[in-house]
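First up is the structure itself, then whatever we jot down about it.
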Amino acid sequence: MSRYAGNADAIKALVREAEVHRDVFVDEELFRLEMEHLFANTWVYVGHDSQVPNVGDFYTTTIGVQPVLMVRHTDGEVKVLYNRCPHKGVKVAAEPCGNTGKVFRCPYHAWRFRTDGSLLSLPQQKGYDETGFDQSPASRGMTPVRHMHNYRGFVFAKMNDAGPGFEEFFGDSLSSFDNMIDRSPVGKLEVAGGVLRYMHNCNWKMLVDNQTDTCHPMVAHESSAGTTKNIWSTVPEGTAKPMAVEIFLPFMSAYEDFDKMGIRIWKNGHGHTGVHHSIHSDYSQIPGYFDQMTAAYGEERARKILGEARHNTVYFPNIMIKGPIQLLRLFKPISANKTLVESWTFRLVGAPDLLLERTLMYNRLINAPTSVVGHDDLEMYERAQEGLHSDGNHWVNMQRLYDPAELTQENVTTLGTNEWVMRNTYRAWAQFMTCDM
Amino acid sequence: MYHDPKLAAALPTDQELIDFVLREARMLDQQRYEEWLSLYAEDGYYWMPLEWGQTDPKLVCSLMYEDKLLLRVRVERLKGERTFSQKPRSRSHHVLQMPHVESRDDAARTYVTWTSMHYVETRYDEQTLYAAWATHHLTVEDGKLRIKLKRVDLVNCDAAFGNIQLFM
Ligand code: FES
Ligand SMILES: [Fe+2]
Numbered sequence: 003m004s005r006y007a008g009n010a011d012a013i014k015a016l017v018r019e020a021e022v023h024r025d026v027f028v029d030e031e032l033f034r035l036e037m038e039h040l041f042a043n044t045w046v047y048v049g050h051d052s053q054v055p056n057v058g059d060f061y062t063t064t065i066g067v068q069p070v071l072m073v074r075h076t077d078g079e080v081k082v083l084y085n086r087c088p089h090k091g092v093k094v095a096a097e098p099c100g101n102t103g104k105v106f107r108c109p110y111h112a113w114r115f116r117t118d119g120s121l122l123s124l125p126q127q128k129g130y131d132e133t134g135f136d137q138s139p140a141s142r143g144m145t146p147v148r149h150m151h152n153y154r155g156f157v158f159a160k161m162n163d164a165g166p167g168f169e170e171f172f173g174d175s176l177s178s179f180d181n182m183i184d185r186s187p188v189g190k191l192e193v194a195g196g197v198l199r200y201m202h203n204c205n206w207k208m209l210v211d212n213q214t215d216t217c218h219p220m221v222a223h224e225s226s227a228g229t230t231k232n233i234w235s236t237v238p239e240g241t242a243k244p245m246a247v248e249i250f251l252p253f254m255s256a257y258e259d260f261d262k263m264g265i266r267i268w269k270n271g272h273g274h275t276g277v278h279h280s281i282h283s284d285y286s287q288i289p290g291y292f293d294q295m296t297a298a299y300g301e302e303r304a305r306k307i308l309g310e311a312r313h314n315t316v317y318f319p320n321i322m323i324k325g326p327i328q329l330l331r332l333f334k335p336i337s338a339n340k341t342l343v344e345s346w347t348f349r350l351v352g353a354p355d356l357l358l359e360r361t362l363m364y365n366r367l368i369n370a371p372t373s374v375v376g377h378d379d380l381e382m383y384e385r386a387q388e389g390l391h392s393d394g395n396h397w398v399n400m401q402r403l404y405d406p407a408e409l410t411q412e413n414v415t416t417l418g419t420n421e422w423v424m425r426n427t428y429r430a431w432a433q434f435m436t437c438d439m
Numbered sequence: 139m140y141h142d143p144k145l146a147a148a149l150p151t152d153q154e155l156i157d158f159v160l161r162e163a164r165m166l167d168q169q170r171y172e173e174w175l176s177l178y179a180e181d182g183y184y185w186m187p188l189e190w191g192q193t194d195p196k197l198v199c200s201l202m203y204e205d206k207l208l209l210r211v212r213v214e215r216l217k218g219e220r221t222f223s224q225k226p227r228s229r230s231h232h233v234l235q236m237p238h239v240e241s242r243d244d245a246a247r248t249y250v251t252w253t254s255m256h257y258v259e260t261r262y263d264e265q266t267l268y269a270a271w272a273t274h275h276l277t278v279e280d281g282k283l284r285i286k287l288k289r290v291d292l293v294n295c296d297a298a299f300g301n302i303q304l305f306m
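So the protein lines, in turn, are chains A and B. Sequential numbering from 3 applies to the first sequence in this note's numbering. Sequential numbering from 139 applies to the second sequence in this note's numbering.
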């Protein structure tokens, strides 16, 4: 029985002003519709162009649940193609990344494609003469994703014509990308250190939601950050604070601290925590780094770039970035109750290695399948995924500091424990689920 | 080389190295975590690489690269009243092949063993099997064997995992 397909009103009714219906998280039909509409109507992150530095380099991934690949074409531009042979549908590239030279060659029957996807040749071509093959979609080769945009190295794609253009979709929120990139003295990032892949038995939006949830760290992470705090309080005074302790302790900040940090809300579901300062503000200086930044930008601008300590910026639909840590998390939907979380890290080109070392330490302490903070969070997501099957109450509440006036506002900053960014996410969800229905 | 019989007696035999590795796994499976932690030298590390054949623990990400302070956080956390991911608790089970003594340098008091193993971690209805190799870098402190580095290489180190909450 189909309850939601083609029924925009039923979908919109799932998002109330400050509540969201549980079907949004548990219903498999809605998940299929998300893949068909939401992930097609929005600009979805594909990868970073430093993953494909040379002609013929490719990287395979997914948009929603559809296999795609990003490749450096012979003309030097990055292309995003559906990773599907036009012949029998075989994934042309199966490794996470590699170099294919000037052509992709399908391993099943050796059809060959240029790196923009166009068909170059196939064996025994004569057999297709006068068959009308040139009228077939197969003759056009591997299909490019309709829209793509490379923003300062970050590659996004949009599969449908519906939905806004890149600039309109992201608007002022791109300032968080700018800040992360500007932290390199040469304004350049490189994917570095390897990717952490963590399987979650929960809906992908629980992760999105959590990124701006400032009322959970002191509770859910008491077991990890709180334990660290207790142990640290017993070491002799004057002991130098290790990097790991610097990373863990701010998770125990009080509600008032998070309130003061602030949040900012942009249109189309984007937003961030840590407007005025954040849990990343008080890390130790990295020797030599500020001098490099001053030399590159001048002191005033260097201070401005480094003074911005945005905590988590959520880009709708499914990524989060941490500028001060140079980290990007990608929440890859697999089914209504399964999500692959990939945590990617970047080197600030031209900056000291110690920054990358800290980035990688942060990633393994917080985002690894072996991370105690990760365990704390995943336990909550999985309990929610199970709990939401209860018929006792069909609604998920996100009412904290709700004010009806917000419905007409965007580009606003407010108290950090406001659940506005979450409400903003689900309003965007309803909008992009239905804008092409 | 050591003519002083007292000194020679303080040096571990190969069998003692092997027994140490077996005993370490047994402590983990019996959840004697405090005792397990005391097997580590003060500057000891537990390392679980993310990459096949990884050599750099700092500029390449790892699943774990933890000093004794961080290991202590884990051990304390496992006991915590508000450690919700341990309600219910996880349990572990090691099956080790006979450890090999890879190298021994009595003068420097450094010993390396290599052990192939299957490791099972369970939590309530869930049971997950991992296959790995453990490399122990051991030393002698105050006449006792201590771990300088325990390195655990998972066969599928680059796979997407769910929670791994205990120690392999
Ligand atoms: S499936 Fe690709 S060439 Fe036949
Ligand atoms: Fe969290």
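Heads up, the beta-carbon is just placed ideally off N, CA and C, and yes, glycines get one too.
| Asked | Found |
| --- | --- |
| Once you ignore the five residues that flank residue 103 (chain A) on each side, which residues in its own chain have a CB closer than 6 Å to its CB? | 58 |
| Taking 9 Å as the CB-CB cut-off, is residue 374 (chain A) touching chain B? | yes |
| Could you tell me whether any Cβ in chain A is nearer than 9 Å to the Cβ of residue 140 (chain B)? | With a pLDDT of only 49 at residue 140 (chain B), under the threshold of 50, the placement of this residue in the model should not be trusted; the figure read from the coordinates follows. Chain A contact via Cβ: absent. |
| Using 8 Å as the cut-off, can you tell me whether the stretch 48-56 of chain A makes contact with the stretch 313-328 of chain A, which would need three or more C-beta pairs spanning the two stretches below that distance? | no |
| Looking at C-alpha atoms only, which residue of A:33, A:356, A:221 is the closest neighbour of residue 378 (chain A)? | A:221 |
| Is it true that the CB of residue 349 (chain A) sits closer than 9 Å to the CB of residue 357 (chain A)? | yes |
| Need the endpoints of the beta strand (DSSP E) that residue 317 (chain A) sits in, please. | 315-317 |
| Return the bridge partner residues of residue 171 (chain A) from the DSSP annotation. | DSSP output for residue 171 (chain A) lists no bridge partner at all. |
| What are the residues of the stretch 206-233 of chain B that lie near chain A, defined by any Cβ-Cβ distance shorter than 7 Å? | 207, 208, 210, 211, 212, 214, 215, 218, 220, 221, 222, 223 |
| Pick helix, strand or coil for residue 234 (chain A), following the three-state DSSP scheme. | helix |
| Using a Cβ-Cβ cut-off of 6 Å (strictly less than) and excluding sequence neighbours within five positions of residue 101 (chain A), which residues of its own chain qualify? | 58, 59 |
| Run through chain A and tell me which residues come within less than 7 Å of residue 200 (chain B), C-beta to C-beta. | 366 |
| Using a 10 Å radius around the Cβ and a threshold of 16 neighbouring Cβ atoms, would you call residue 150 (chain A) buried or exposed? | buried |
| Going by C-alpha to C-alpha distance, which of B:149, B:187, B:218, B:278 sits closest to residue 309 (chain B)? | Residue 309 (chain B) lies beyond the residue range present for chain B, which begins at 139 and ends at 306; the question has no answer from this structure. |
| For residue 188 (chain A), which residues of its own chain have a beta-carbon under 6 Å away from its beta-carbon, when the five flanking residues on both sides are left out? | 351, 352 |
| Between residue 387 (chain A) and residue 264 (chain B), what straight-line distance do the alpha-carbon atoms span, to the nearest angstrom? | 16 Å |
| In or out: residue 395 (chain A) buried (at least 16 other Cβ within 10 Å) or exposed? | exposed |
| Closer than 7 Å, Cβ to Cβ, to anything on chain A: give me those residues from the stretch 181-196 of chain B, in chain order. | 186, 188, 189, 196 |
| What I want to know is whether the C-beta of residue 105 (chain A) ends up closer than 8 Å to one or more non-hydrogen atoms of ligand 1. | no |
| Could one say the Cβ of residue 169 (chain B) lies closer than 9 Å to chain A's Cβ atoms, at least one of them? | no |
| Can you pull out the residues from the stretch 187-210 of chain A whose beta carbon lies closer than 9 Å to at least one beta carbon of chain B? | 194, 195, 196, 197, 198, 199, 200, 201, 202, 203 |
| Under the assumption that residue 157 (chain A) contacts residue 48 (chain A) (Cβ atoms under 8 Å), give the Cβ distance between them as a whole number of angstroms. | 5 Å |
| Go through the stretch 145-231 of chain A residue by residue and report every complete run of the alpha helix (DSSP H) that reaches 4 residues or more, in order. | 168-172, 176-184, 206-212, 219-222 |
| Which residues of chain A have a Cβ atom closer than 8 Å to the Cβ of residue 281 (chain B), listed in chain order? | Those within 8 Å of residue 281 (chain B) in chain A number zero; the least Cβ separation is about 27 Å. |
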